[in-house]
Amino acid sequence: MTQGYRTDTYGSAVQAGASRGWKETASRYALLPLRIFLGITFIYAGLDKLTDSAFMAATGPGSVGELMSSVRDSSAIPALVDLALKNPEGFGYAIAFGELAVGLGTLFGLLTRLAAVGGALISLSLWLTVSWQTDPYYYGNDLAYLMAWLPLILGGAAVLSLDALLAARRGR
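Numbers given in this note's numbering equal positions in the sequence shown, counted from 1, plus 7.
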């Protein structure tokens with residue numbers, strides 16, 4: 008690096024001795040509100056499914072089996088719904104535990120990019136199955152969640168995260 012400059016968290020050259028301005032601080036913390044929102048939302052979604060006995064059933068009102076049966080013919084990928092219908096309870100538990108793991112990883116910033124990929128895959132699968140028929144498309148929330156995961160896949164968790172703590176310890 009050229010004398011008089013240092014490298015910041017993102018690998019950019021910054022003049023040595025220059026104090027961090029509010030713009031740089033805001034940039035460092037920009038993904039934190041998204042991480043908190045997605046983390047809490049996915050933890051809540053997972054726990055909500057796990058504690059709802061009606062949801063975890065193969066049949067009946069409010070069950071994952073009935074939900075998947077009702078969207079089968081209108082989904083973008085009916086074969087994906089058919090796969091879920093082979094074992095609706097197992098699919099329900101997989102989604103619930105997946106949401107819980109994704110939410111915890113995102114909220115605590117542990118393996119954040121991997122958690123974000125998991126969140127994006129869950130959102131993508133739900134968009135292609137459950138909310139595919141939503142018209143107009145912007146009424147469905149799964150597509151918006153899919154897009155919300157992309158910045159975390161790209162940016163990870165640079166601040167207030169276990170990832171950053173572990174990286175700092177490795178750097179010592």
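Here a beta-carbon is modelled for each residue, glycine too, at the ideal position from N, C-alpha and C.
Residues near residue i in its chain [Cβ-Cβ closer than 6 Å; skip 5 each side]
{"i": "residue 18", "result": "Because residue 18 carries a pLDDT of 49, less than 50, the predicted location of this residue cannot be relied on, and no value is offered for it."}
{"i": "residue 152", "result": "130"}
{"i": "residue 109", "result": "49, 122, 125, 126"}
{"i": "residue 83", "result": "135, 139"}
{"i": "residue 112", "result": "118, 122"}
Beta-carbon separation (whole angstroms), residue i vs residue j, contact threshold 8 Å
{"i": "residue 53", "j": "residue 62", "result": "In fact, because the Cβ distance is near 11 Å, the residues do not count as touching under 8 Å."}
{"i": "residue 80", "j": "residue 117", "result": "Not confirmed; about 40 Å, so no contact."}
{"i": "residue 75", "j": "residue 92", "result": "5 Å"}
{"i": "residue 174", "j": "residue 156", "result": "So it is not a contact: roughly 21 Å between Cβ atoms."}
{"i": "residue 47", "j": "residue 114", "result": "6 Å"}
Residue i CB to nearest heavy atom of the ligand SAM below 7 Å
{"i": "residue 77", "result": "The ligand content of the structure shown is nil, which means the ligand SAM is not present either."}
Where residue i sits in the DSSP three-state scheme
{"i": "residue 143", "result": "coil"}
{"i": "residue 87", "result": "helix"}
{"i": "residue 109", "result": "helix"}
{"i": "residue 176", "result": "helix"}
{"i": "residue 63", "result": "coil"}
{"i": "residue 81", "result": "helix"}
{"i": "residue 165", "result": "coil"}
{"i": "residue 68", "result": "coil"}
{"i": "residue 116", "result": "coil"}
{"i": "residue 18", "result": "For residue 18, the predicted structure reports a pLDDT of 49, less than 50, and the residue's modelled location is therefore unreliable. A value from the coordinates is still provided. Correct three-state label for residue 18: coil."}
Cut-off 7 Å between Cβ atoms - residues of its own chain near residue i, not counting five sequence neighbours on either side
{"i": "residue 177", "result": "none"}
{"i": "residue 105", "result": "125, 129"}
{"i": "residue 172", "result": "none"}
{"i": "residue 141", "result": "147"}
{"i": "residue 66", "result": "72, 73"}
{"i": "residue 158", "result": "38, 41"}
Residue span of the alpha helix (DSSP H) that contains residue i, given as start and end
{"i": "residue 77", "result": "71-78"}
{"i": "residue 195", "result": "Examination of residue 195 is not possible in this model, given that the chain is present from 8 through 179 alone."}
{"i": "residue 41", "result": "39-57"}
{"i": "residue 150", "result": "149-162"}
{"i": "residue 34", "result": "29-36"}
Residues of its chain near residue i, where Cβ-Cβ distance is below 8 Å and the 5 sequence neighbours each way are ignored
{"i": "residue 138", "result": "147, 148, 149, 150"}
{"i": "residue 30", "result": "none"}
State whether the segment 145-152 contacts the segment 119-136, with contact taken as three or more CB pairs (one from each stretch) at a distance under 8 Å.
A contact exists between the segment 145-152 and the segment 119-136.
Could you tell me whether the segment 162-169 touches the segment 38-58, using the rule of 3 or more Cβ pairs below 8 Å?
Flag = yes, the segment 162-169 and the segment 38-58 touch.
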